[in-house]
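Q: The structure is given below, and queries will be raised subsequently.
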Amino acid sequence: MSKTILCIGAGYVGGPTMAMIARKCPGYRVHVVDIDADRIRAWQSDQLPIYEPGLHEVVKSCLNRNLFFSTDIARGIEEADIIFVSVNTPTKTFGQGAGMAADLQYWEKTARQIKQHSRSDKIVVEKSTLPVRTAEAMERILHSGERTVHFEVLSNPEFLAEGTAIKDLENPDRVLIGGHSTDSGRRAVAELVSIYAHWISRERILTTNVWSSELSKLAANAFLAQRISSINSLSALCERTEADVTEVARAIGMDSRIGPKFLNASVGFGGSCFKKDILNLVYLCRHYGLTEVADYWEQVVRMNEYQEDRFVRQMIASMFNTVAGKRIAVFGFAFKADTGDTRESPAIRVCRSLIEERASLVVTDPEALDNARRDLADCAGKVTFDKDPYRAAEGAHAIAVMTDWSEYKKLDFQKIYDSMSKPAFLFDGRNCLDHQRLFQTGFNVYPIGRKPLSHL
Ligand code: UDX
Ligand code: UDX
């Protein structure tokens, strides 16, 4: 074994990324540590802590060969040559910058742990998404006090999307590595490049300075989310003018300068990153006195909230201005298909608003019900959970599609319609079903950004 890689944080990013490195680089020993013992046990079992297509095979192929999971952070640090830090950096919920800035307490704690347990030189790689210039703070902590060990800090943000993590890791659009232009910085960059070069062509491995790399991660997420907010803003206009947002998206997406991806109008974007990273960007801009820039990006998040609220308003208005006492089946709780993750899922805000309107909810989802139960734990008595969509829809006045699970397209909607209260409503927050067919079955169908199909 030539070198040992450590990753601190066995979450959505750290776990799959390290599994892929272990699989592609059999000459490296890859050790993943976490403070959460349950999570570590799950990584060692057949029930992985996260659901990701293809992940299980990758982990299985190298577990206990050159991929190891443990809670022994101190030993991990001591033995490592390269340390990836992938602890979570959520939005701060307290004090200065609450609701906006990144909470860097875990990050800083980890930096101090690395300093305390290091006996030899290390390359420290920022994998978590961080405010620009965090590497500077990290270097200060690592090099404070007595300087016996040299730490070279690199930025290597992760662009994988959930649900396609393995595909994205196997074949990324690019790998970004930011480092200092000193001799030791260049050497560290070359070392990290050589790891990824085991399976990724050299042209796709981009090297920049540290600050560009840190900012590019925030910028990429902000641009992606901005496209969704842009098309969602137009979906509201489409609903008023009988333009069809899918046709508009297609028409503009065929312009090669715009491109077709990330133009699906929806009830809103979710996920652990978009909102958090944009607010982080907004906070940074305000910190540097760039008020107009901050306001510009903040609007992307506001538009998303508007879209979620608009969806609920549409539901209430079309169901004769009241949902009180009505059973509503929520199809999907995950923030997108092929994941059990519900962080910032639009379903949360939509469900809470419907509960406030005294609707009685039944949530169904193939992978996310455990998380959904946690997210709505304070709503006991007002919401139930059922893995079976047919049962969930029984007796319901309406279905609200929140996640574009492919299994929903294959459901027998005639059977579902027959079991529902009439008139039966279907609100497709993902435009993922065959609306004409549903209409013919008898449903009153409300898509996003398209004329409703109503029998009423
Ligand atoms: C990652 C990045 O770290 C985050 O900055 C980025 O924006 C999204 O992706 P993610 O992997 O999704 O976060 O977070 P999570 O699944 O919560 O995993 C973080 C792990 O770090 C958890 O398992 C947590 O237990 C662990 N952790 C946290 C530590 O091991 N030590 C700590 O001090 C704090
Ligand atoms: C995102 C980035 O894509 C990824 O590069 C980064 O590393 C982490 O954040 P992720 O949050 O996993 O990944 O999911 P993504 O596929 O980007 O979707 C985010 C949200 O946008 C989902 O709720 C999705 O349903 C929604 N979305 C996406 C739309 O509403 N319309 C679209 O056209 C695309």
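Counting in this note's numbering, the sequence shown runs from 25 upward without gaps. Glycine included, C-beta positions come from ideal geometry on N, C-alpha and C.
Ligand 2: which residues have Cβ under 5 angstroms from any of its heavy atoms, chain order?
A: Ordered along the chain, the selected set is Phe183, Ala185, Glu186, Ile252, Phe286, Asn288, Ser290, Phe293, Gly294, Gly295, Cys297, Phe359, Lys360.
Q: I need the boundaries of the alpha helix (DSSP H) containing asparagine 395, first residue and last residue.
A: Counting along the chain, the alpha helix (DSSP H) containing asparagine 395 begins and ends at 393 to 399.
Q: Given a cut-off of 9 angstroms on the beta-carbon distance, is the pair aspartate 399 and isoleucine 423 in contact?
A: Going by C-beta atoms, aspartate 399 is not nearer than 9 angstroms to isoleucine 423.
Q: Does the stretch 405 to 422 come close enough to the stretch 433 to 442 to have 3 or more Cβ pairs within less than 8 angstroms?
A: They touch, by the three-pair rule.
Q: Taking the runs of the alpha helix (DSSP H) that are 4 residues or longer, which of them lie wholly in the stretch 259 to 336?
A: Runs of the alpha helix (DSSP H) inside the stretch 259 to 336: 269 to 277, 298 to 311.
Q: Straight-line CA distance for alanine 161 to glycine 405?
A: Cα-Cα distance, rounded: 47 angstroms.
Q: Quick check: leucine 303 and glycine 123, are their CB atoms within less than 9 angstroms of each other?
A: For leucine 303 and glycine 123, yes; Cβs fall inside 9 angstroms.
Q: Assuming the contact rule is C-beta atoms closer than 8 angstroms, arginine 47 and threonine 28 should be a hit. Round their C-beta distance to whole Å, please.
A: Actually they do not touch by this definition, with Cβ atoms about 16 angstroms apart.
Q: Could you give the uninterrupted runs of the beta strand (DSSP E) lying entirely in the stretch 382 to 436, keeping only those of 3 residues or more?
A: Qualifying beta strand (DSSP E) stretches, in chain order: 384 to 388, 407 to 409, 422 to 425.
Q: Using three-state DSSP, classify aspartate 452 as helix, strand or coil.
A: DSSP places aspartate 452 in strand when its eight states are reduced to three.
Q: With distances taken Cα to Cα, identify the nearest neighbour of isoleucine 45 among Glu263, Cys31, Ala396.
A: With distances taken between Cα atoms, isoleucine 45 lies closest to Cys31.
Q: Have a look at Tyr330, Val213, Asp319 and flag the residue whose alpha-carbon is nearest the alpha-carbon of alanine 246.
A: Checked all of Tyr330, Val213, Asp319; the closest Cα to alanine 246 is Asp319.
Q: Closer than 8 angstroms to a non-hydrogen atom of ligand 1 - does that hold for the CB of isoleucine 32?
A: Correct: isoleucine 32 has its Cβ closer than 8 angstroms to ligand 1.
Q: Using only the heavy atoms of ligand 1, determine whether one of them is closer than 8 angstroms to the beta carbon of leucine 154.
A: Flag set: Cβ of leucine 154 near ligand 1.
Q: What's the call for proline 471, buried or exposed, on a 16-neighbour Cβ count within 10 Å?
A: Buried.
Q: Identify every residue that forms a DSSP beta bridge with histidine 55.
A: Bridge partners of histidine 55: Leu30, Phe92.
Q: Please name the residue, chosen from Leu184, Ile201, Ser152, that lies closest to proline 114 on a Cα-to-Cα basis.
A: Answer by Cα proximity: Ser152.
Q: Since tyrosine 75 is in the beta strand (DSSP E), which residue starts that stretch and which ends it?
A: Premise fails: tyrosine 75 is in no beta strand (DSSP E) and is neither H nor E.
Q: For the candidate residues Cys403, Ser430, Asp389, Arg274, whose alpha-carbon lies nearest to that of alanine 417?
A: Out of Cys403, Ser430, Asp389, Arg274, Asp389 has the C-alpha closest to the C-alpha of alanine 417.
Q: Report the three-state DSSP secondary structure of arginine 47 (helix, strand or coil).
A: Reduced to three states, the DSSP call for arginine 47 is helix.
Q: Looking at C-alpha atoms only, which residue of Gln250, Ile201, Ser85 is the closest neighbour of arginine 228?
A: Looking at the Cα atoms, Ile201 is the closest of the given residues.
Q: Under the rule that 16 or more other beta-carbon atoms within 10 Å means buried, what is glutamine 137, buried or exposed?
A: Classification for glutamine 137: buried.
Q: Just reading off the beta strand (DSSP E) that isoleucine 201 is part of, what are its end residues?
A: Counting along the chain, the beta strand (DSSP E) containing isoleucine 201 begins and ends at 199 to 202.
Q: Whose CA, out of Ser296, Asn90, Ser377, Leu385, lies closest to the CA of proline 50?
A: Closest by alpha carbon: Asn90.
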